[in-house]
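In my numbering, the protein residues as written are 93 to 1131.
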């Protein structure tokens, strides 16, 4: 307590105070005398603290005249009784808020304000270092007796002083056995990660109180329930609190702090002082436990803590040696208090009506992030939630308090039901929560297929330019005619509705023609990238069941046809069912096999006519804009980009691989309105590279930008937030739910959120039993609506596991997708992403299942076991780290270069590891499972890059080494190092290109990096210093 007071001088968290409303004729002189009597009886009320040579001493100040406890009575000001009452309350709170000086004292005070002759407000306040709850009751009792009979109060001589207790504790020392118990019981404990709201700094008022009341009938049932099971009401309430915290935060291993007010012997029962000690109650909640079973665990935990309550909390902290923070408790940030007395029953004065006023809603200080205080109020029970306003919103805390009452009722009425099956919501709250997660358009528009969308667009704007790619331009009429011709060729080859056609073509207009042709013919497509390893493409074609491939080059094992050979006069189908597949796109698979997601026409049309329609509606009506197609062909985002042309008549800028990966060439497009990208959609990391390179400062910057795929840095979010003329959106989406499901307009949010449900999407946050959770509670994000895909092609088991019946939609046969993402809905409907329930990670905006890379590694003949983790997941410096245990004679074969070369023919570049570490064995948990957290500890931190003067080579070569080291976050880069073996990738290559242009004023193409074997080779391809005029960059202010 002394330490916290020194670290946080004047903190309201170290103060215990109350305001008493006294009705009747208060004898202020008798009150002043009574206060002096009580002060004289207790050393603790005359103590100060002295620090000398690192030791702290209590000094009882009997060596100097004491100032009167009660000074002059203050007269309330105001013209009306109401004004005088308000002034008096403010004055009482001011008295409570005055700081204490531990070295000079006094450490308590009383202030009286006269509102009327028969109405006074009395502020009584102590520094917590001299009082606890039981001591406050002793103080109040003695004050009552001394006030009733000033001449001869019926007070016995105190049997002991607080100083006697301190000497007793000092002589006895710390109980070593008890300390050992706490060290074992709390090993590895850490404060739970709570679902914070990240509120703005509230200034001096950092805390708040939210009071609630449990009705008398609920309290009566609860007390009978506890009595029947032989537990105290405190234990019962604590068990409910644990379950609520588990359901709220999604954390099963929980630690709650509470204070015990034990006096060691009866002689101290009438002594005033701070006898309280803090104990940490740790429990593990499991969904299979019933409440009766869990209550037994909590009861054992409480009894266990009481048996060892004499070990000072400070000694426990020192023994566990956790990481310390002066402003926060190192072992827990969630507390619970339980008081059996109504505060108004504590205070009484002879002949007067004394009422303790409710505590203020705002707090200038608090000890914990969150605490629940339970106390008696007549026949009811008051529940007060105290919380940190910097971390939690008032709306979230109201949800928390309401859920406590609902959960208590449910647990008491169903004590034999597994905890994971106990509902948290009543009917009204459930309906409101479902409405909160629903999109703004419950149904989609009329067209049943993407081809019909395109037909309408082409009919409305036949002469508009539809696509521009590598110098080739096609109007909508030309594109439609070409697609119909190719569709006839497909039908002539026997391809029928629902067939999946493979397309492996360069990023030119013919690619769009082939895509539209498959839809015109009633088929679906699978887009392939010719740069993928041949073995990878073969796996994808087999998994998708492709029997016909449209490609310029023949491919073994699959019938291949060139686009020019697809002609004929076969009629396309008259009807294209909404349930017919539209495309197949593959995601990483946890079992080692990629999963092909089948998206049908209805889902694709719903995406276009709801989500995208509402976004493009923000642009001026009738104006055609350029939509940049930057995404890889193998990602569903590419299809999303194409829909801007297909459904809304905008021009698609289909950029080549070198152009889309080169920041300078992308920015150069912004020099002219005709070539500028108006709608730019890419992952957050790529957007940050482009913004850093000057994207927002070109003469014709984007009108709309969309980011997603991973968390954005705070810096990028702020840059986009502060652009007044830019429509910037953060997108949250899952491939299995047709690209995007939630959207947030960045300028409306100071910090990152995933967004609200858009279109026909329905967002749910559920627990392990798929029960709906209230807003602010963390659980698994599930997605319903028309965007839910058909499933995984050829993988019925995985489909049934992830695509489940939607119990919330009310539509027969409706399904929802279990994303495996952790998150929560805020009370304002915004979705927040909280990580993963499994090992899946996001690296460079891509979903990566470590299991797929682990399976490929296990196929290496020299690998006995393998494990993969990601460091910096979701950031620009995300790394895949592979740990391999070699076979008996295989260590020499497992060099980084050799492992990557082995994997290169089996996996796409996004799945190649950035680092390979050889271990003798993989760490495991006590339960025998792979310990991925321990693996993270084995990855050492990257050091600072070495200065270029210490690197051999020309000035440009040395500078290039430094720029590459900074981009990759590695300690040193030499001229003979390989960019990709150091952890480079396409995104980081973009960063290097941008930095070379800025720092060296030299040109560097993306191909130069990909085709070079060393940094020396890259340096040799540095272009001449750029003397050509560049696009004029204009600053748009620092708003």
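A virtual CB, placed ideally from N, CA and C, is assigned to each residue, including glycine.
| Asked | Found |
| --- | --- |
| As a quick exercise: from 778, 913 and 972, pick the residue whose alpha carbon is nearest that of residue 940. | 972 |
| Would you check if the segment 802 to 813 and the segment 836 to 844 touch, i.e. whether three or more CB-CB distances between them fall below 8 Å? | yes |
| Can you give the Cα-Cα distance for residue 671 and residue 372, rounded to whole angstroms? | 56 Å |
| Mind checking residue 149: buried by the 16 CB within 10 Å criterion, or exposed? | exposed |
| Report the start-end ranges of each alpha helix (DSSP H) in the segment 1045 to 1117 that is 4 residues or longer and not cut off at the edges. | 1047 to 1060, 1078 to 1092, 1098 to 1102 and 1107 to 1112 |
| Can you give the beta carbon distance from residue 726 to residue 621, rounded, assuming they're within the 8 Å contact cut? | 5 Å |
| With a cut-off of 8 Å on the beta carbons, I'd call residue 923 and residue 855 a contact; round off their distance for me. | 6 Å |
| Which residue comes first and which comes last in the alpha helix (DSSP H) that contains residue 886? | Per DSSP, residue 886 belongs to no alpha helix (DSSP H) and is neither H nor E. |
| In its own chain, which residues sit with a C-beta less than 7 Å from the C-beta of residue 129, not counting the 5 before and 5 after it? | 238 and 245 |
| Can you list the beta strand (DSSP E) stretches of 3 or more residues lying completely in the segment 814 to 864, in chain order? | 819 to 824, 834 to 837 and 854 to 858 |
| How many Å lie between residue 732 and residue 568 at the Cα? | 18 Å |
| State yes or no: is the C-beta of residue 302 within less than 8 Å of the C-beta of residue 486? | yes |
| What beta strand (DSSP E) runs, 3 residues minimum, are completely inside the segment 959 to 998? | 971 to 978 |
| Would residue 735 be called buried (16 or more neighbouring beta carbons within 10 Å of its own) or exposed? | buried |
| Could you say if the segment 378 to 385 and the segment 269 to 279 meet the contact criterion of at least three C-beta pairs nearer than 8 Å? | no |
| Does chain B have any CB closer than 8 Å to the CB of residue 601? | The structure shown contains no chain B; it holds only a single protein chain. |
| If you compare alpha carbons, which of 115, 635 and 1072 is closest to residue 1103? | 1072 |
| Span of the alpha helix (DSSP H) holding residue 319? | 308 to 321 |
| Are the CB atoms of residue 998 and residue 628 within a distance shorter than 8 Å? | yes |
| Just how far apart, CA to CA, sit residue 711 and residue 878? | 25 Å |
| Helix, strand or coil: how does DSSP classify residue 364 here? | coil |
| Where do the ends of the beta strand (DSSP E) carrying residue 402 lie? | No beta strand (DSSP E) contains residue 402, which DSSP labels as neither H nor E. |
| To the nearest angstrom, how far is it from the Cα of residue 1051 to the Cα of residue 1003? | 30 Å |
| When the Cβ atoms of the segment 541 to 548 are set against those of the segment 734 to 751, are three or more pairs found closer than 8 Å? | yes |
| Is the CB-CB distance between residue 762 and residue 717 below 8 Å? | no |
| What first and last residue would you give for the beta strand (DSSP E) that runs through residue 352? | 345 to 352 |
| Please determine if the segment 1076 to 1089 and the segment 765 to 781 are in contact, where contact requires at least 3 C-beta pairs separated by less than 8 Å. | yes |
| DSSP state of residue 111, grouped into three classes? | strand |
| On the criterion of 16 or more Cβ atoms from any shown chain inside 10 Å, does residue 459 qualify as buried, or is it exposed? | buried |
| Could you give the distance in angstroms between the alpha-carbon of residue 299 and the alpha-carbon of residue 450? | 16 Å |
| CA-CA distance, residue 889 and residue 377? | 30 Å |
| Can you tell me which of 395, 905 and 916 puts its alpha carbon nearest to the alpha carbon of residue 1134? | It is not possible to answer for residue 1134, since the shown part of the chain is limited to 93 through 1131. |
| Go through its chain and collect everything with a Cβ distance to residue 209's Cβ below 8 Å, but skip five positions before and after it. | 117 |
| Exposed or buried, which one is residue 687 when buried takes at least 16 other CB atoms within 10 Å? | buried |
| Please report the straight-line C-alpha distance between residue 488 and residue 918, rounded to a whole angstrom. | 7 Å |
| Please state if the CB of residue 822 and the CB of residue 846 are separated by a distance shorter than 8 Å. | yes |
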